[in-house]
Amino acid sequence: AVVSTLSTGTELQCVALNHSGSLAATASGKGTLIRVFDTRTRQLVIEVRRGTDTATVQCITFNRDSTFMCVSSDKGTVHIFAIRDPQLNKRLTVASVGYLASQWAMGSFSLKSECPATCVFPAHSSGSAVKNAVIALSYDGTYHKYVFTSDGNCNRESFNVFLDLTQELEI
Numbered sequence: 538a539v540v541s542t543l544s545t546g547t548e549l550q551c552v553a554l555n556h557s558g559s560l561a562a563t564a565s566g567k568g569t570l571i572r573v574f575d576t577r578t579r580q581l582v583i584e585v586r587r588g589t590d591t592a593t594v595q596c597i598t599f600n601r602d603s604t605f606m607c608v609s610s611d612k613g614t615v616h617i618f619a620i621r622d623p624q625l626n627k628r629l630t631v632a633s634v635g636y637l638a639s640q641w642a643m644g645s646f647s648l649k650s651e652c653p654a655t656c657v658f659p660a661h662s663s664g665s666a667v668k669n670a671v672i673a674l675s676y677d678g679t680y681h682k683y684v685f686t687s688d689g690n691c692n693r694e695s696f697n698v699f700l701d702l703t704q705e706l707e708i
């Protein structure tokens, strides 16, 4: 459901907090822009672009130390953004105005087309973060673990069918 904020009239469809509650992320009503705010000062930290096509943002999540954020949508894509080191995010060098001048994801990967997913940056059983990894559980019941590099390369490390949605669940 899309809601409108009282202060700006900007429509929002998804919101998230980082682990400490010091950062808040909002997805625009069209699902194209993600804005991250400092919750103490209410100042904009970074604005990034998920894409140009309207999408329903399903999940926004930060890694443990808020250096990265991932965003998934009903387009079947997961976008990874650098929050603390925004130079890692991609920019179009030919653009000087409009949406082309935005910061774009440093990396992304695709799941089944038009299938939303929820995502998490995993941790070891000891609680320490797994370096540069994202797990996506897709609404079609599939599990995906991707590792990514600082230059934006994303490689699938594991895949499994978590739920067989073709069989009825017995209670």
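According to my numbering, the sequence shown is numbered sequentially starting from 538.
Cβ atoms here follow ideal geometry from the backbone N, Cα and C, with glycine treated the same way.
Beta-carbon contacts of residue i that lie in its chain and below 8 Å, excluding the five residues immediately before and after
i	result
Asp590	Thr569, Lys612
Phe696	Thr679, Tyr680, His681, Lys682
Asn690	Gly644
Lys649	Gly613, Ser675, Asp677, Thr679
Cβ neighbours of residue i in the same chain (closer than 7 Å, five flanking residues each side left out)
i	result
Leu674	Ala654, Thr655, Tyr680, Phe699
His661	Val667
Thr542	Note that Thr542 scores a pLDDT of 46, beneath 50, so its modelled location is shaky and nothing firm can be said.
Sequence-distant residues of its chain with Cβ nearer than 6 Å to residue i (five each side left out)
i	result
Phe599	Asn555, Met606
Glu694	Lys682, Val684
Asp575	Val582
Cys551	Ala564, Val594, Ile597
Contact belief for residue i with residue j at Cβ below 8 Å, rounded distance in angstroms
i	j	result
Val594	Val582	In fact, because the Cβ distance is near 18 Å, the residues do not count as touching under 8 Å.
Val585	Ser647	Not really, about 18 Å apart at Cβ, beyond 8 Å.
Ser559	Leu549	Actually they do not touch by this definition, with Cβ atoms about 19 Å apart.
Arg628	Ser603	Actually they are not in contact, since the Cβ atoms of Arg628 and Ser603 sit about 21 Å apart, beyond 8 Å.
Val671	Val615	6 Å
Phe658	Arg601	7 Å
Among the options, nearest to residue i - alpha-carbon criterion
i	options	result
Asn669	Ala564, Ile617, Ala642	Ile617
Asp688	Thr578, Trp641, Ser557	Trp641
Ser610	Ile571, Ala561, Pro659	Ile571
Arg579	Lys567, Ala562, Ala619	Ala562
Glu651	Ala592, Leu625, Asn626	Ala592
Lys494	Ser557, Gly588, Ala553	Given a span of 538 to 708 for the chain in the structure shown, any question on residue 494 remains unanswerable.
DSSP state of residue i mapped onto helix, strand, coil
i	result
Gln550	strand
Leu625	helix
His616	strand
Val667	coil
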